[in-house]
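Visitor: In our numbering, the protein residues as written are 993 to 1067. For every residue, glycine included, the Cβ atom is placed at its ideal position computed from N, Cα and C. Nothing here was measured: the structure is a model prediction, and the numbers come from that model.
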C-alpha cells in the first residue's frame, strides 16, 4: 500500500490551506472533482502532464482516510 504523506501537502498560505499535491496549486478536491465528473485517470494525466498516476492514487487514499477518521469521530 502506498503512503500518501509525501505527496499530499498542506500549506496555510496556499489554496486556503487545502490539501494539495506535491506543493503545487492543484488540490485533492480538484482531482476528486474531475474523477467524480467522469474524467478518467488517463484524461486527467493528459490534461495535467505534471501529475502522475501516484498523485491521483494518493488523492483517493487521502480522501478514504479522511472519511474513515470522520466516521470514528462521529461514533
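So, is residue 1011 buried or exposed, given that buried needs 16 or more other C-beta atoms within 10 angstroms?
Guide: The residue in question, residue 1011, is buried, as its Cβ has 16 or more Cβ neighbours within 10 Å.
Visitor: Taking the alpha carbon of residue 1047 as the reference point, which residue from 1005, 1038, 1004 and 1020 has its own alpha carbon closest?
Guide: When each option's Cα is compared against that of residue 1047, the closest is 1020.
Visitor: Got a sec? Which residues, its chain only, sit under 8 Å from residue 1054 by beta carbon, not counting five neighbours each side?
Guide: Taken in chain order, the residues that qualify are 996, 1000, 1011 and 1020.
Visitor: Could you pull out every residue in the same chain whose Cβ sits closer than 8 Å to the Cβ of residue 1023, ignoring the five residues on either side in sequence?
Guide: Excluding sequence neighbours, residue 1023 sits near 1013, 1036, 1043, 1047, 1048 and 1051.
Visitor: Leaving out five residues on either side along the sequence, give the residues of the same chain with a beta carbon under 7 Å from the beta carbon of residue 1006.
Guide: Same-chain partners within the cutoff: 1012 and 1017.
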